[in-house]
Amino acid sequence: MTAHLPKPGDLLRVGREASVQFTKPILFRVIRVLDRPTYHGWIWLEGYQIDNRGDAVDRRSIFVMKAGLRVPAVGKTGQQRRLRSPQRR
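Each residue of the sequence shown is one higher than the last, beginning at 2 in the working numbering.
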């Protein structure tokens, strides 16, 4: 669980604990926390959905319960995977 308000660059696992719309969990890279009125304990996040390779596949805004957000497990190096840069031709 994340105890703090997410900040730009955070990688989160968003699943059913955060909102019933996420029946299949996604990885989400935060761009910003949106300043919109919400219910207590809920927040709007803007960011990118991340695929299994670590690539950003969809930019979206999501409405989630802060207490339901999770930090994904870290890799062997002890660091979260970084987004891959687009390949240049």
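The C-beta atom is built at its ideal place from N, Cα and C for all residues, glycine as well.
Is it right to say Gly69 is buried, meaning 16 or more other beta carbons lie within 10 angstroms of its own, or is it exposed?
Residue numbering aside, residue 69 sits at position 68 when the sequence shown is read from its first letter. Label assigned to Gly69: buried.
For the beta strand (DSSP E) containing Gln50, name the first residue and the last one.
The sequence position of residue 50 within the sequence shown is 49, counting from 1. Membership of Gln50 in the beta strand (DSSP E) is indicated by the continuous run 43-51.
Provide the residue span of the beta strand (DSSP E) that contains Ser62, from first to last.
Position 61 of the sequence shown, counted from the start, is the residue given in the question as residue 62. For Ser62, the uninterrupted beta strand (DSSP E) segment begins and ends at 57-66.
Compute the Euclidean distance between the alpha carbons of Lys25 and Arg17, then round it to the nearest angstrom.
Position 24 of the sequence shown holds residue 25. Position 16 of the sequence shown holds residue 17. Computed Cα separation, rounded: 7 Å.
What are the start and end residues of the beta strand (DSSP E) that includes Arg30?
In the sequence shown, residue 30 corresponds to position 29, counting from 1. Here the beta strand (DSSP E) through Arg30 covers 27-35.
Just to confirm my understanding: we take Pro73, look at its own chain, exclude 5 residues before and 5 after, and list those with CB closer than 8 Å. What are they?
The residue you call residue 73 lines up with position 72 of the sequence shown. Counting only Cβ-Cβ distances below 8 Å, and skipping sequence neighbours, we find Leu12, Leu13, Arg14, Leu28, Gln81.
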